[in-house]
Amino acid sequence: MIAAQVKEYNKKSIAVQLVEMEKPSIGNTEVLIKVLAAGVNPLDNMISRGEVKMIVPYKLPVTAGNEFVGLVEEVGSEVSNFKVNDRVFARLPLNKIGAFAEYISVVEAALAKVPDYLSDIEAAAVPLTALTTMQALDLMKVKTGKSIFISGGTGSVGAMAIPIAKAKGLRVITNGSAENEKRVLELGVNQFIDYKKEDYTKVLTEVDYVLDTLGGNETEKQMSILKKGGTLVSLKGMPNGAFAKRMNLPKWKRVLFGIAGRKFDKLAEKHGVFYEFIFVESNGSQLQEVADIFEELKIKPSIDTVYPFHEVNAALDKVANGRSKGKTIITIGEK
Ligand SMILES: NC(=O)c1ccc[n+]([C@@H]2O[C@H](COP(=O)([O-])OP(=O)(O)OC[C@H]3O[C@@H](n4cnc5c(N)ncnc54)[C@H](OP(=O)(O)O)[C@@H]3O)[C@@H](O)[C@H]2O)c1
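Residues in the sequence shown are numbered consecutively from 103, following the working numbering.
Laid out in structure tokens, this is it:
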């Protein structure tokens with residue numbers, strides 16, 4: 103089979119290499135899947151650049167790709183929830199990625215069944231950003247009727263976070279590029295701010311929760327719009343000690359992240375709010391919850407561009423260059 107691999111960490115090049123490999127075998131709790139399509143994420147480029155080495159130290163070469171949709175071809179002897187020909191999707195476990203491949207073996211616990219109304223391309227856009235949203239909203243302990251600011255909501259995270267936050271009964275405010283305003287309003291956004299024309303810190307106060315997709319100096323700015331006691335969950339800020347503990351990282355990494363993230367913990371203290379960082383993990387039952395919400399509300403993910411598998415590097419470049427209108431997808435196999 104063909105797979106796209108990261109051969110070495112390279113800060114200057116995000117290119118992966120297409121290689122011929124053995125089709126994977128499966129363990130008792132695993133499922134063999136023929137991959138139909140895979141979502142492409144900024145995370146794929148961060149892995150190639152070696153930017154997440156401290157959180158997940160991959161042994162190279164590693165097959166790239168963090169999320170996919172595919173068809174079950176074979177199930178292990180202890181697999182109980184899936185059968186041959188089921189259409190499934192997943193964000194892959196951190197220790198075993200590899201969605202950019204014709205076949206993949208995945209533990210049952212990471213998988214969920216795809217709602218029928220979603221096409222393969224639409225389904226491939228869901229797992230990683232939907233789980234990111236679910237895991238962030240869980241940490242915020244969101245309650246119906248409260249408000250959330252999703253920064254940069256015109257990108258692929260926003261395309262999932264907006265409808266899921268709406269489905270959880272939140273009032274959703276977002277900012278992003280003006281060309282995507284109509285699309286995010288259609289996703290249910292209550293208030294849109296054009297980030298090139300308006301400063302959200304001048305128009306927003308007393309927000310209950312923030313999902314920070316921007317990081318850097320924007321993180322403190324977003325803390326300033328929160329109510330006292332509000333929570334900001336960052337996808338792009340600095341990991342902190344609480345994150346390292348939640349992820350069960352070794353003690354020395356907990357100390358290191360404790361030091362690295364202290365600045366943000368202190369800023370949160372200054373603003374009287376809570377700061378959390380997350381790194382999205384696989385979770386089949388949480389993804390099934392998303393699939394059920396989607397099935398009921400018939401939510402359609404926003405798709406930006408679709409590339410064939412042999413153009414995987416063009417897809418990675420597209421994601422690296424921004425101007426996102428939703429998800430970039432690569433198509434891999436056929437039914
Ligand atoms: N920690 C985790 O587990 C996790 C999980 C998922 C994603 N992430 C991170 O979350 C970030 C967003 O991911 P994504 O897939 O949504 O990226 P994306 O698809 O590239 O979208 C980013 C969006 O933000 C907009 N934007 C850029 N600068 C902005 C600013 N200053 N203010 C407001 N909007 C701005 C962009 O608009 P333009 O068209 O103007 O560029 C674009 O629409 C990435 O850094 C990714 O690595 C982390």
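Even glycine gets a Cβ: it sits at the ideal position worked out from N, Cα and C. Quick caveat: nothing in here was measured; it's all calculated off a predicted structure.
Cut-off 8 Å between Cβ atoms - residues of its own chain near residue i, not counting five sequence neighbours on either side
i	result
ALA417	VAL142, THR407, TYR409, THR430, ILE431 and ILE432
THR131	GLY178, GLU180, VAL181, VAL209, GLU210 and ALA211
LEU287	PHE294
LYS427	THR256, GLU281, ASN282, ARG285, SER404 and ASP406
LYS298	SER279 and ALA280
Outcome for residue i when other beta-carbon atoms lying within 10 angstroms are tallied against a minimum of 16
i	result
THR315	buried
VAL274	buried
ASN277	buried
ALA320	Correcting the residue type first, residue 320 is Glu in the shown sequence and not Ala. With 16 or more Cβ atoms within 10 Å of its Cβ, GLU320 is classed as buried.
GLU322	buried
ILE361	exposed
THR235	buried
TYR219	exposed
VAL174	buried
PRO352	exposed
Segment limits, alpha helix (DSSP H) that includes residue i
i	result
THR321	319-325
ASN187	That residue, ASN187, is in no alpha helix (DSSP H); it is neither H nor E in DSSP.
PRO229	229-242
SER387	386-399
SER258	258-269
GLU288	283-288
Sequence-distant residues of its chain with Cβ nearer than 6 Å to residue i (five each side left out)
i	result
ALA106	VAL118, LEU120, ALA166, PHE202 and VAL414
PHE381	ILE157
ALA280	ASP296
LYS437	none
Residues near residue i in its chain [Cβ-Cβ closer than 7 Å; skip 5 each side]
i	result
LEU328	VAL309, VAL312, LEU334, HIS373 and VAL375
GLY339	ASP314, GLY317, THR321, PHE366 and PHE379
ARG425	none
THR307	ILE327
Residue i vs residue j beta-carbon contact at 8 Å
i	j	result
ARG193	GLU169	yes
VAL133	GLY178	yes
ASN183	GLU210	yes
ASP367	ASN350	no
ALA422	ILE116	yes
ALA269	ILE395	yes
ARG151	ASN112	yes
ALA261	SER404	yes
ILE104	GLU122	yes
ALA393	PRO217	yes
GLN237	GLU383	yes
ARG87	VAL164	Residue 87 lies beyond the residue range present for the chain, which begins at 103 and ends at 437; the question has no answer from this structure.
Chain C within 8 Å of residue i, Cβ atoms only
i	result
LEU138	The chain inventory of the structure shown lacks chain C, comprising one protein chain alone.
Boundaries of the beta strand (DSSP E) in which residue i is found, first to last residue
i	result
LYS136	132-142
PRO410	405-410
LYS329	328-336
GLY172	169-177
ILE252	249-252
ASN350	Note, ASN350: premise wrong, no beta strand (DSSP E); not H, not E.
ASP296	293-296
ASP314	309-314
Exercise. Is the region 243-251 touching the region 227-234 in the sense that three or more CB pairs, one from each, lie closer than 8 Å?
Worked result: no
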